[in-house]
Ligand SMILES: [Zn+2]
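Here it is in structure tokens:
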């Protein structure tokens, strides 16, 4: 067997790699290749929207833009009134101010994400592409036991992450991505 400088040569029953790119008299064996599939992969949890209802006021659909406008107007109006009537600030007034702020914040979040979690409440606020607002409930079945999966917000106050968590065993939980959901309807 010739052995020119362009070849890597190791033994007579070996692989010769060089200008000729030849494999001569040899078995090319690269370990044991097995494909075990994904039997060891963790089970996939699926959650879905089990209920959704369009939010309407006097038969008209409420939209994210409507929330922002009415929330903003109400907020500025409330602030102006507070400045004028500081001594007469009542509980109801503070409640109204909080409500307008809530509308404003939810409206902005809906425009941005089309999905808003309200911590500790069993439902979510969503919007479809046209901005119509929906109240929805999202649940699933635990793939590890017969518990139900519900959305929970876990983590430090300013950095909560939403998980789909099992009602029977809190160790059964999966990170929840709201962008996998279809458009809400109802
Ligand atoms: Zn479970």
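Numbering (the UniProt record's numbering), first residue to last: 1 to 186. Glycine is no exception: its CB is placed at the ideal position from the N, C-alpha and C atoms.
Where residue i falls: helix, strand or coil (DSSP)
i	result
residue 124	strand
residue 73	helix
residue 62	coil
residue 47	strand
residue 158	coil
residue 169	coil
Cβ-based burial, residue i [other Cβ within 10 Å; buried from 16]
i	result
residue 112	exposed
residue 49	buried
residue 168	exposed
residue 92	exposed
residue 128	buried
residue 107	buried
residue 200	The requested residue 200 does not occur in the structure, where the chain is confined to residues 1 to 186.
Residues that residue i bridges to, as DSSP identifies them
i	result
residue 174	164
residue 53	135
residue 182	Residue 182 pairs with nothing; no bridge assigned.
residue 68	Answer by DSSP bridge pairing: none, since residue 68 is not bridged.
Alpha-carbon to alpha-carbon, residue j and residue i
i	j	result
residue 57	residue 156	35 Å
residue 46	residue 62	29 Å
residue 141	residue 51	15 Å
residue 110	residue 130	11 Å
residue 184	residue 143	24 Å
residue 77	residue 102	15 Å
residue 43	residue 124	25 Å
residue 190	residue 145	With the chain running from 1 to 186 in the structure shown, residue 190 is simply not present.
residue 164	residue 84	47 Å
residue 171	residue 104	36 Å
residue 137	residue 66	23 Å
residue 99	residue 71	8 Å
residue 158	residue 117	14 Å
residue 153	residue 176	10 Å
### Task
Pick out the complete alpha helix (DSSP H) segments inside the segment 76 to 151, 4 residues or longer, and give them in chain order.
Listed in chain order, the complete alpha helix (DSSP H) runs (minimum 4 residues) inside the segment 76 to 151 are 91 to 113.
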